[in-house]
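Using the working numbering, read the sequence shown as starting at 1 and increasing by one per residue. A virtual CB, placed ideally from N, CA and C, is assigned to each residue, including glycine. Quick caveat, the model's predicted, so the values are computed rather than measured. Only one structure is covered here, and it is reproduced in the block below.
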Amino acid sequence: MMYLLSQILDRSAEQFPDREAFRCEGKGLTYRDLWKQANGLAHSLMAAGVKRGDRVGIYLSKGLESAIAIYGIWKAGAAYVPLDPAAPVTRTAYAIRHCDIHHLITQKSKRMKIPALLDAILATDIGPQRTQPLRHIVGLPESFNAPHGVDHCNWSDIAPSDMSPVVQIMEQDLAYIMYTSGSTGTPKGIMHTHRSGLNYARMAADTYGLTHKDRLGNHSPLHFDMSTLDYFSGPLVGATTVIIPEAYTKMPASLSQLAQDERLTIWYSVPFALIQLLLRGVLEERDLSPLRWVMFGGEPYPAKYMYGLMERLPQARFSNVYGPAEINQCSYYHVPPLEKGQSIPDDVAPIGKIWANAEELVIDGEDEPVNSGEVGELLVRTPTMMTGYWQRPDLNEIAFYKTAVAHQTAVFYRTGDLVQQQPDGNYQFVGRKDRQIKTRGYRVELDEVEAALVSHPQVEEAAAYGVPLEGGSHHIEAAVILKPDSALVEADLKQQATAKLPSYAVPERISIAATFPRTTSGKIDRRTLQNQAVARLQGTKETIAV
Numbered sequence: 001m002m003y004l005l006s007q008i009l010d011r012s013a014e015q016f017p018d019r020e021a022f023r024c025e026g027k028g029l030t031y032r033d034l035w036k037q038a039n040g041l042a043h044s045l046m047a048a049g050v051k052r053g054d055r056v057g058i059y060l061s062k063g064l065e066s067a068i069a070i071y072g073i074w075k076a077g078a079a080y081v082p083l084d085p086a087a088p089v090t091r092t093a094y095a096i097r098h099c100d101i102h103h104l105i106t107q108k109s110k111r112m113k114i115p116a117l118l119d120a121i122l123a124t125d126i127g128p129q130r131t132q133p134l135r136h137i138v139g140l141p142e143s144f145n146a147p148h149g150v151d152h153c154n155w156s157d158i159a160p161s162d163m164s165p166v167v168q169i170m171e172q173d174l175a176y177i178m179y180t181s182g183s184t185g186t187p188k189g190i191m192h193t194h195r196s197g198l199n200y201a202r203m204a205a206d207t208y209g210l211t212h213k214d215r216l217g218n219h220s221p222l223h224f225d226m227s228t229l230d231y232f233s234g235p236l237v238g239a240t241t242v243i244i245p246e247a248y249t250k251m252p253a254s255l256s257q258l259a260q261d262e263r264l265t266i267w268y269s270v271p272f273a274l275i276q277l278l279l280r281g282v283l284e285e286r287d288l289s290p291l292r293w294v295m296f297g298g299e300p301y302p303a304k305y306m307y308g309l310m311e312r313l314p315q316a317r318f319s320n321v322y323g324p325a326e327i328n329q330c331s332y333y334h335v336p337p338l339e340k341g342q343s344i345p346d347d348v349a350p351i352g353k354i355w356a357n358a359e360e361l362v363i364d365g366e367d368e369p370v371n372s373g374e375v376g377e378l379l380v381r382t383p384t385m386m387t388g389y390w391q392r393p394d395l396n397e398i399a400f401y402k403t404a405v406a407h408q409t410a411v412f413y414r415t416g417d418l419v420q421q422q423p424d425g426n427y428q429f430v431g432r433k434d435r436q437i438k439t440r441g442y443r444v445e446l447d448e449v450e451a452a453l454v455s456h457p458q459v460e461e462a463a464a465y466g467v468p469l470e471g472g473s474h475h476i477e478a479a480v481i482l483k484p485d486s487a488l489v490e491a492d493l494k495q496q497a498t499a500k501l502p503s504y505a506v507p508e509r510i511s512i513a514a515t516f517p518r519t520t521s522g523k524i525d526r527r528t529l530q531n532q533a534v535a536r537l538q539g540t541k542e543t544i545a546v
């Protein structure tokens, strides 16, 4: 019986030693080799001072090293923290400082960013709980002159090992932390244990019938929660995970060619990637017949594109997968194919029914259950749920709802998503109860966008809002009021946002306004700003690329 995520690799290395565990750009790594290299990395990390419960940062572009890093960190008894290598260094530095990361795994291609990152870490003040700076980095060349006295080693210095480290770990121990957008202007870290991660790996493998014969296409970056299916469930069953480099995700024709050449059987991504694949992936020239299951989630998938791709891939099953990063996944909806003569429905696919070993509540603004068919906030409790946000008791107090179930206290996670149960029992996503939106699958707190803009000394006020696109997705726009005599233009504001936010959270358009519309209480009327943006798009026939 497995209790730890690290035991996934131990078992598959024994059962499928010569099977490829991961592939990337034509190179493969067998389960035996992955096991040996993960052991070697674990021994190296422990020799450098990594202890049970420590957090180790992963600062890598997508590649085989990602899998070695994850399992090596677990084997050392630590938790991994994936860091977006494309994010501004100030944002990455905050996560490192806030999460008290002393050890970082990176690669030679990131060596030019390391000095600026170290400077930013030292300059980051998180208040009274100020931590020690980063002190050990794996993956830098020996010739690298690390500033601030940071110890470092190269990947080639780490010898594979046939001996797994002896580390006492429990299933309740921390396994990974994922940082996501925060409403206060700073990211928040979602804590998952070996228990929650392993439960998700098992449930996903069972739900989608994964076996050692499957080949999963890893489309999502490591810092995006969708990646856990590929890195957890794939090795659980001895499947092969094909890591798709970032460049391919921007070239649909190359991506479809890769899917054909690698004989992918499982696809899991945001709808945006699938729309690109349909529109620009020259699917008529590809043989994707091995693809048996297409899963999508993170945002609504416009029906015309979904059914268009289903027509192109008639052998594949399509499923809408739902679950915030805080709970991994809790529901799915298997999309039925259109019957002959049936027109494409106007609505997007439901998020489905909560799966068997999870429980839901749908409540109103007073925390009272709503009647079936009424709109309310979805609350979920599941064995795949996080333990909370790292060092944020204030957010934990808000995020969880406690009530009595079967004479016991049950803890539910407040998703913030508004849903409506349909007569067939499936839930339909209706919207959000807060200022959080999804854009191209990523979760963005609009308050964080505003905080980034207001941090410029010449910006007096800022308002960010989501502009609805076809099918329920959004892009972000913003408006600002500048201080008197400011000469800032939109390009300056875009530069400010780019320096503070991940690329997906940077507004598509930033307007400079003399005044803002206000509500009767004096608050910024963001709904009016949003409506004005929608009217502008409709009136000028301006479009945002899907």
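- Sorting 233, 314 and 333 by C-alpha distance to the C-alpha of residue 339 places 314 at the top.
- Setting aside the 5 residues that flank it on each side, residue 161 is surrounded in the same chain by 36, 39, 40 and 43, each with a C-beta closer than 7 angstroms to its C-beta; the list follows chain order.
- The residue from 70, 211, 90 and 140 with its alpha-carbon nearest to that of residue 197 is 70.
- Taking C-beta separations shorter than 8 angstroms and ignoring five residues to either side along the sequence, the partners of residue 121 in its chain run 93, 96, 97, 133 and 134, following chain order.
- Note that the C-beta distance between residue 164 and residue 304 is not below 8 angstroms.
- By the beta-carbon neighbour count (other beta carbons within 10 angstroms, threshold 16), residue 507 is buried.
- Taken in chain order, the complete alpha helix (DSSP H) segments of 4 residues or longer contained in the segment 385-463 are 393-399 and 446-454.
- Cα atoms of residue 482 and residue 447: separation of roughly 18 angstroms, rounded to the nearest angstrom.
- When only Cα atoms are considered, residue 288 and residue 263 end up about 7 angstroms apart.
- If you draw a straight line from the Cα of residue 365 to the Cα of residue 452, it comes to about 30 angstroms.
- Straight-line spacing of the CA atoms in residue 137 and residue 440 works out to 32 angstroms.
- Taking all protein chains shown into account, residue 143 has fewer than 16 neighbouring C-beta atoms within 10 Å of its C-beta and is therefore exposed.
- The Cβ atoms of residue 293 and residue 275 do not sit closer than 8 angstroms to each other.
- Judged by DSSP in its simplified three-state form, residue 207 adopts helix.
- The C-beta distance from residue 217 to residue 389 rounds to 31 angstroms, too long to meet the 8 angstroms contact threshold.
- A Cβ-Cβ distance of about 6 angstroms is found for the pair residue 235 and residue 9, placing them in contact under the 8 angstroms criterion.
- In this structure residue 199 is buried. Its beta-carbon is surrounded by 16 or more other beta-carbon atoms within 10 angstroms.
- Under the DSSP definition of a beta bridge, residue 30 partners with 20.
- Per DSSP, the unbroken alpha helix (DSSP H) holding residue 68 starts and ends at 64-75.
- Per DSSP, the unbroken beta strand (DSSP E) holding residue 188 starts and ends at 188-193.
- In this structure, DSSP gives residue 320 an extended state, which the three-state scheme calls strand.
- Taking 8 angstroms as the cut-off, the Cβ atoms of residue 107 and residue 60 count as close.
- Among the bridge pairs identified by DSSP, residue 477 is matched with 465 and 509.
- Bridge partners of residue 363 according to DSSP: 369 and 377.
- Each of 324, 467, 411 and 181 was checked against the Cα of residue 226, and the nearest Cα belongs to 324.
- Comparing C-alpha distances from residue 301 to each of 195, 233 and 428 shows the shortest one belongs to 428.
- Shown here, residue 108 sits in a helix according to DSSP, grouped into three states.
- Note: residue 152 is bridge-paired with 137 in the DSSP secondary-structure output.
- Contact between residue 55 and residue 101 holds, since their C-beta atoms are separated by about 5 angstroms, short of 8 angstroms.
- Annotation for residue 94: the continuous alpha helix (DSSP H) segment containing it runs 89-98.
- Restricting attention to 403, 409, 457 and 331, the CA atom closest to the CA of residue 421 is found in 331.
- Residue 176 and residue 486 have their C-alpha atoms roughly 44 angstroms apart.
- Here residue 503 is near residue 86, since their CB atoms are less than 8 angstroms apart.
- Judged by DSSP secondary structure, residue 269 falls within the beta strand (DSSP E) whose first and last residues are 266-269.
- In this structure, DSSP gives residue 163 a state outside helix and strand, which the three-state scheme calls coil.
- Taking a contact as a CB-CB distance under 8 angstroms, the pair residue 379 and residue 465 does not count as one, their CB atoms being some 26 angstroms apart.
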